[in-house]
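*Asks:* Following this message is one structure expressed as structure tokens.
There are 2 protein chains.
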Amino acid sequence: MRNIKMIVEYDGSRYYGLQKQPNKETVQSEIERAIKEVTSEEVTINYSGRTDAGVSAYGQVVSFKTNTNLPVDKLCMAINAHLKKSIIIQDVEDVQEDFHPRYSCKGKKYMYVINNSKYGSAIYRKNEYHVPQKLDVEKMKKAIKYFEGTHDFKGFKASGTSNKDSVRTIYETQIQTKDDRIYIILRGNGFLYNMVRIITGTLIDVGLGKIQPKDIPNIIEAKDRKKAGKTVPPHGLYLMEVYY
Amino acid sequence: MRNIKMIVEYDGSRYYGLQKQPNKETVQSEIERAIKEVTSEEVTINYSGRTDAGVSAYGQVVSFKTNTNLPVDKLCMAINAHLKKSIIIQDVEDVQEDFHPRYSCKGKKYMYVINNSKYGSAIYRKNEYHVPQKLDVEKMKKAIKYFEGTHDFKGFKASGTSNKDSVRTIYETQIQTKDDRIYIILRGNGFLYNMVRIITGTLIDVGLGKIQPKDIPNIIEAKDRKKAGKTVPPHGLYLMEVYY
Numbered sequence: 029m030r031n032i033k034m035i036v037e038y039d040g041s042r043y044y045g046l047q048k049q050p051n052k053e054t055v056q057s058e059i060e061r062a063i064k065e066v067t068s069e070e071v072t073i074n075y076s077g078r079t080d081a082g083v084s085a086y087g088q089v090v091s092f093k094t095n096t097n098l099p100v101d102k103l104c105m106a107i108n109a110h111l112k113k114s115i116i117i118q119d120v121e122d123v124q125e126d127f128h129p130r131y132s133c134k135g136k137k138y139m140y141v142i143n144n145s146k147y148g149s150a151i152y153r154k155n156e157y158h159v160p161q162k163l164d165v166e167k168m169k170k171a172i173k174y175f176e177g178t179h180d181f182k183g184f185k186a187s188g189t190s191n192k193d194s195v196r197t198i199y200e201t202q203i204q205t206k207d208d209r210i211y212i213i214l215r216g217n218g219f220l221y222n223m224v225r226i227i228t229g230t231l232i233d234v235g236l237g238k239i240q241p242k243d244i245p246n247i248i249e250a251k252d253r254k255k256a257g258k259t260v261p262p263h264g265l266y267l268m269e270v271y272y
Numbered sequence: 029m030r031n032i033k034m035i036v037e038y039d040g041s042r043y044y045g046l047q048k049q050p051n052k053e054t055v056q057s058e059i060e061r062a063i064k065e066v067t068s069e070e071v072t073i074n075y076s077g078r079t080d081a082g083v084s085a086y087g088q089v090v091s092f093k094t095n096t097n098l099p100v101d102k103l104c105m106a107i108n109a110h111l112k113k114s115i116i117i118q119d120v121e122d123v124q125e126d127f128h129p130r131y132s133c134k135g136k137k138y139m140y141v142i143n144n145s146k147y148g149s150a151i152y153r154k155n156e157y158h159v160p161q162k163l164d165v166e167k168m169k170k171a172i173k174y175f176e177g178t179h180d181f182k183g184f185k186a187s188g189t190s191n192k193d194s195v196r197t198i199y200e201t202q203i204q205t206k207d208d209r210i211y212i213i214l215r216g217n218g219f220l221y222n223m224v225r226i227i228t229g230t231l232i233d234v235g236l237g238k239i240q241p242k243d244i245p246n247i248i249e250a251k252d253r254k255k256a257g258k259t260v261p262p263h264g265l266y267l268m269e270v271y272y
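Residue numbers (my numbering), protein chains in the order written: chain A, 29 to 272; chain B, 29 to 272.
So, in structure tokens, the structure goes:
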């Protein structure tokens, strides 16, 4: 049996998240439906990790087992032909039997997009989070560097989620700007539930002057969800790439 | 009575065009409704020119007469508070009584966005036109230069539209690229109905190798809609700026 890896782009604003749910349109249910229309096989896809309703992906990775003989290019085109335009398979390849998008994953890159103009954007309102108060980007750039390295990010995960190992390593952080937009980029070996959105909320508090960059190490060390900033909304968040 | 000029951004994919139509949600009807909620006045806005259903604007200009005493900042915030997020007033100012967005207009800038990747974008599908066949951008850059200057653009307007003066001057043309995207930018003293979309369709024919850059002068000279390329869809088109 073949093991197929696919890179998937999707518009999270259109779906109730990635994971299948009864009677809800999700990215997983749409992809499984399209695969069935092409191969006549009932498959369950694996994926690198869930994304919440509203979160988009440029490079989500999924896999499935199939007996189809279709070459990868034809398979990609055929599945895309059965998907709505809000989900696009950008690449398909055959991988080894033991490849699993989650268990084989070595790291991920996320981006969070803030629009920091006075009134926000009508055209891109669904693709970014609007913060009308002027943010101090230089302070945010200082603050984000404290997140690099290996830390226990217990204070930066949604409260109520499971209490297993919350140590993660962030390899690289970046803040880029273009006109009124601020792009927060995090690359790490893994991220806890809501971790990127809580880090972003904390960085916004720095940008607003509510806390200082040098406060970040203490906030991480406290391991207390209440010390970190708020969880910013999902629609500014993008899963950019998954590393293997 | 005050004469108010406003700069408006809107997401054209959400509306049946700019101009008011019975029983349809249009940009004009929404703005007039919001003004009425703020000022209690029934106004009819003037605008720099219609945009079709699907066409977005960063910098449409509208004006209206009012007796309100609200300062411009408060007026802007109040009108935005009564609009959906798919229309945003980006600026409000008091202008002279004889200012009219269309009659006072000295020129306009439009942009058309093409996504030239193999499968297009799931996230930005409503903001750009997907052309999967690889386009030769260097040839398109040569071709677009022939549109600069003063020409009779009779062949580049929707057939069936009125036959009045079709001479227009294009001051500046540009083609920019970023990754798989191609941005076609035209600045001129005015544009005929569908003119930017037909010029773009013709440039795509150049990019596909169906015609050569040096064919453009003859196509313009022919003044025949059938000689020019097809009218590309509205959702890649943006009214960027209106000059006074």
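Backbone N, C-alpha and C fix where the C-beta goes; we use that ideal spot for every residue, glycine too.
Keep in mind the model is a prediction, meaning the values are calculated, not measured.
Rounded to the nearest angstrom, what separates K146/A and C133/B at their Cα positions?
*Replies:* Mapped onto the first sequence, residue 146/A falls at position 118. Mapped onto the second sequence, residue 133/B falls at position 105. Going by the C-alpha atoms only, they are around 26 angstroms apart.
*Asks:* Under 8 angstroms between C-beta atoms, does A278/A make it to chain B?
*Replies:* As displayed, chain A neither begins before 29 nor continues past 272, which places residue 278/A out of reach and without an answer.
*Asks:* Would Q88/B count as contacting chain A if we go by Cβ distances under 8 angstroms?
*Replies:* Within the second sequence, residue 88/B is the residue found at index 60, counting from 1. It does not; no Cβ of chain A falls within 8 angstroms.
*Asks:* Could you name the residues of the segment 34–54 of chain B whose beta carbon sits closer than 7 angstroms to any beta carbon of chain A, in the order they occur along the chain?
*Replies:* Going along the segment 34–54 of chain B in chain order, one finds E37, Y38, D39 with a Cβ nearer than 7 angstroms to chain A.
*Asks:* Taking T197/B as the reference, which of Y174/B, S187/B, T189/B, L267/B has the closest Cα?
*Replies:* By 1-based counting over the second sequence, the position of residue 197/B is 169. Residue Y174/B is the option with its Cα nearest to T197/B.
*Asks:* So if DSSP puts K93/A in a beta bridge, which residue, or which two residues, is it bridged to?
*Replies:* Numbered from 1 along the first sequence, position 65 holds the residue referred to as residue 93/A. According to DSSP, which records beta bridges pairwise, K93/A is partnered with N31/A.
*Asks:* Would you decide whether G40/B is buried or exposed? Buried here means 16 or more other CB atoms lie within 10 Å of its CB.
*Replies:* Position 12 of the second sequence, counted from the start, is the residue given in the question as residue 40/B. The residue is buried, with at least 16 neighbouring Cβ atoms inside 10 Å.
*Asks:* Excluding sequence positions up to five away, which residues of its chain have a Cβ less than 8 angstroms from the Cβ of Y152/B?
*Replies:* Residue 152/B sits at position 124 when you count from the first residue of the second sequence. Hits under 8 angstroms: N143.
*Asks:* Would G87/A pass as a contact of V270/A if the rule is Cβ separation under 8 angstroms?
*Replies:* Reading the first sequence from its first residue, position 59 is the one you call residue 87/A. Reading the first sequence from its first residue, position 242 is the one you call residue 270/A. In contact: G87/A and V270/A (Cβ atoms closer than 8 angstroms).
*Asks:* Do I172/A and L98/A have their CB atoms nearer than 8 angstroms?
*Replies:* As a position in the first sequence, residue 172/A is number 144, starting the count at 1. As a position in the first sequence, residue 98/A is number 70, starting the count at 1. Not closer than 8 angstroms, so no.
*Asks:* Can you give me the C-alpha to C-alpha distance between D180/A and Q47/A, rounded to a whole angstrom?
*Replies:* By 1-based counting over the first sequence, the position of residue 180/A is 152. By 1-based counting over the first sequence, the position of residue 47/A is 19. Cα to Cα, the separation comes out at about 27 angstroms.
*Asks:* Given that S84/A touches chain B, what residues does it touch there, using C-beta distances under 7 angstroms?
*Replies:* Translated into positions along the first sequence, residue 84/A becomes position 56. What S84/A touches in chain B: I151.
*Asks:* Between R215/B and Y199/B, which are expected to be in contact by the criterion C-beta below 8 angstroms, what is the C-beta distance as a whole number of angstroms?
*Replies:* Residue mapping note: residue 215/B aligns to position 187 of the second sequence, counting from 1. Residue mapping note: residue 199/B aligns to position 171 of the second sequence, counting from 1. Confirmed, Cβ separation roughly 5 angstroms.
*Asks:* Report yes if the CB atom of V120/A is closer than 8 angstroms to the CB atom of L103/A, and no otherwise.
*Replies:* Translated into the one-based positions of the first sequence, residue 120/A becomes position 92. Translated into the one-based positions of the first sequence, residue 103/A becomes position 75. The answer is yes: Cβ separation under 8 angstroms.
*Asks:* According to the neighbour-count rule (16 or more other Cβ atoms, all chains shown, within 10 Å of its Cβ), is Y272/A buried or exposed?
*Replies:* Position 244 of the first sequence, counting from 1, holds the residue named residue 272/A. So Y272/A ends up on the exposed side.
*Asks:* Does any residue of chain A have a CB that is nearer than 8 angstroms to the CB of N108/B?
*Replies:* The sequence position of residue 108/B within the second sequence is 80, counting from 1. It does; some Cβ of chain A falls within 8 angstroms.
*Asks:* Taking only runs of the beta strand (DSSP E) that begin and end inside the segment 182–260 of chain B, which ones reach a length of at least 3 residues, in chain order?
*Replies:* Taking only runs of at least 3 residues, the beta strand (DSSP E) segments lying wholly in the segment 182–260 of chain B are 195–206, 209–216.
*Asks:* For the segment 196–219 of chain B, which residues have a beta carbon sitting closer than 9 angstroms to at least one beta carbon of chain A?
*Replies:* So nothing in the stretch comes that close.
*Asks:* Determine, using beta carbons only, whether S57/B comes closer than 8 angstroms to chain A.
*Replies:* By 1-based counting over the second sequence, the position of residue 57/B is 29. Chain A contact via Cβ: absent.
*Asks:* Measuring alpha carbon to alpha carbon, tell me which of I203/B, V55/B, D207/B ends up nearest A150/A.
*Replies:* As a position in the first sequence, residue 150/A is number 122, starting the count at 1. Here the closest residue by C-alpha is V55/B.
*Asks:* Is Q240/B close to chain A? Criterion is C-beta to C-beta, closer than 8 angstroms.
*Replies:* Position 212 of the second sequence, counting from 1, holds the residue named residue 240/B. So, not an interface residue.
*Asks:* Are the C-beta of N155/A and some C-beta of chain B separated by less than 8 angstroms?
*Replies:* The sequence position of residue 155/A within the first sequence is 127, counting from 1. Yes - at least one Cβ of chain B is within 8 angstroms of the one on N155/A.
*Asks:* Is the CB of Y138/A under 8 angstroms away from at least one CB in chain B?
*Replies:* On the first sequence, position 110 is the one that residue 138/A refers to. Closer than 8 angstroms: no.
*Asks:* Nearest to T96/A by CA position, among R30/A, T205/A, Y75/A, is which residue?
*Replies:* As a first step, residue 96/A must be located in the first sequence, where it is residue number 68. When each option's Cα is compared against that of T96/A, the closest is R30/A.
*Asks:* Would you say K113/A reaches chain B, if we count a Cβ-Cβ gap shorter than 8 angstroms as a contact?
*Replies:* Here residue 113/A refers to the residue found at position 85 of the first sequence. Interface residue, yes.
*Asks:* By the criterion of Cβ-Cβ separation under 7 angstroms, what are the contact partners of Q118/B in chain A?
*Replies:* Working through the second sequence from its first residue, we reach residue 118/B at position 90. By Cβ distance, chain A contributes Y147.
*Asks:* CB G82/A to CB H263/A, shorter than 8 angstroms?
*Replies:* By 1-based counting over the first sequence, the position of residue 82/A is 54. By 1-based counting over the first sequence, the position of residue 263/A is 235. Contact: yes.
*Asks:* First and last residue of the alpha helix (DSSP H) that includes E166/B?
*Replies:* The residue given as residue 166/B occupies position 138 in the second sequence. Segment 165–173, the alpha helix (DSSP H) holding E166/B.
*Asks:* Just to confirm, are I117/B and V36/B a CB contact at a threshold of 8 angstroms?
*Replies:* In the second sequence, counting from the first residue as 1, residue 117/B sits at position 89. In the second sequence, counting from the first residue as 1, residue 36/B sits at position 8. In this structure, V36/B lies closer than 8 angstroms to I117/B by Cβ.
*Asks:* Among the residues of its own chain, which have a CB less than 6 angstroms from the CB of H128/B, if the five just before and after it don't count?
*Replies:* Reading the second sequence from its first residue, position 100 is the one you call residue 128/B. Contacts found: N74.
*Asks:* Measure from the alpha carbon of R61/B to the alpha carbon of each residue in L111/B, H158/B, R130/B, S84/B, then state which is nearest.
*Replies:* In the second sequence, counting from the first residue as 1, residue 61/B sits at position 33. Of the candidates L111/B, H158/B, R130/B, S84/B, the one whose C-alpha sits nearest the C-alpha of R61/B is L111/B.
*Asks:* Going by DSSP, name the residue or residues bridged to T79/A.
*Replies:* Numbered from 1 along the first sequence, position 51 holds the residue referred to as residue 79/A. Answer is none; T79/A lacks a bridge partner.
*Asks:* Buried or exposed for Y266/B, going by 16 or more other Cβ atoms inside 10 Å?
*Replies:* As a position in the second sequence, residue 266/B is number 238, starting the count at 1. Classification for Y266/B: buried.
*Asks:* Does the Cβ of K137/A have 16 or more other Cβ atoms within 10 Å, making it buried, or fewer, making it exposed?
*Replies:* In the first sequence, counting from the first residue as 1, residue 137/A sits at position 109. So K137/A counts as buried.
*Asks:* When we look at the beta-carbon of A85/A and count the other beta-carbons within 10 Å, is it buried (16 or more) or exposed?
*Replies:* As a working mapping, residue 85/A is identified with position 57 in the first sequence. The residue in question, A85/A, is buried, as its Cβ has 16 or more Cβ neighbours within 10 Å.
*Asks:* E69/B: which of I59/B, R78/B, G77/B sits nearest, CA to CA?
*Replies:* In the second sequence, residue 69/B corresponds to position 41, counting from 1. The option with the nearest alpha carbon to E69/B is I59/B.
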